[in-house]
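Down below is the structure, laid out as structure tokens.
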Amino acid sequence: MADGQGSAGDLEHAQASQEDPNNNSAAANVDQEALQTAKSELQQKMAEVTDNPPTEQPPPPSVNAADDMYYMEPAPDPFNKAITYLEQHNILQIFQNMTANIIYQKPENPVEFMISEIAEMKKQRDSGPAKK
């Protein structure tokens, strides 16, 4: 009866003996007891199943996916941020002009040449716009 098949067999045997009028009363009493035992075991198993439903599957996902979403600012792109800075301060043009001057004049000490070029640019910037 541990595997559940014995109870079902007892139940069928008990039902068959109830329907057969030629059985003696002692056999009928044994079959009645088996029927009652099978019924009580079945009721017990049903109670266990209904009291403790299986929780194998996770709950279904929410129907409205928008509830689970939120806006996140995109991460700043460091390359584009750097290019924007260089363009705002004309750094690319300054280095392009200095490089062209170094190639054209070919100074003995290029670093000193660049320092003097930057000093000249600073002096022009501080004195204001050139008058023509």
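Residue numbers for the sequence shown follow the UniProt record's numbering, so the first one is 1 and each next one is one higher. Don't be surprised by glycine CBs; every beta carbon is placed ideally from N, CA and C.
Please confirm whether MET114 and MET98 have their CB atoms less than 9 Å apart. In this structure, MET98 lies closer than 9 Å to MET114 by Cβ.
What number of angstroms, rounded off, separates the C-alpha of ALA2 from the C-alpha of TYR70? Note that ALA2 has pLDDT 46, beneath the 50 cutoff, so the model's placement of it is unreliable and the number below is only indicative. Annotation: ALA2 to TYR70 spans about 54 Å, alpha carbon to alpha carbon.
Give me the residue from LEU42, ALA47, MET121, GLN32 with the minimum Cα distance to ILE91. Ranked by Cα distance from ILE91, the options LEU42, ALA47, MET121, GLN32 are led by MET121.
How far does the alpha helix (DSSP H) with ASN109 in it extend, from its first residue to its last? It is not in any alpha helix (DSSP H) - ASN109 carries neither H nor E in the DSSP assignment.
For PHE74 and ASP126, what's the separation of their Cα atoms in angstroms? The sequence given here has Pro at residue 74, not Phe. If I take the Cα positions, the gap works out to 39 Å.
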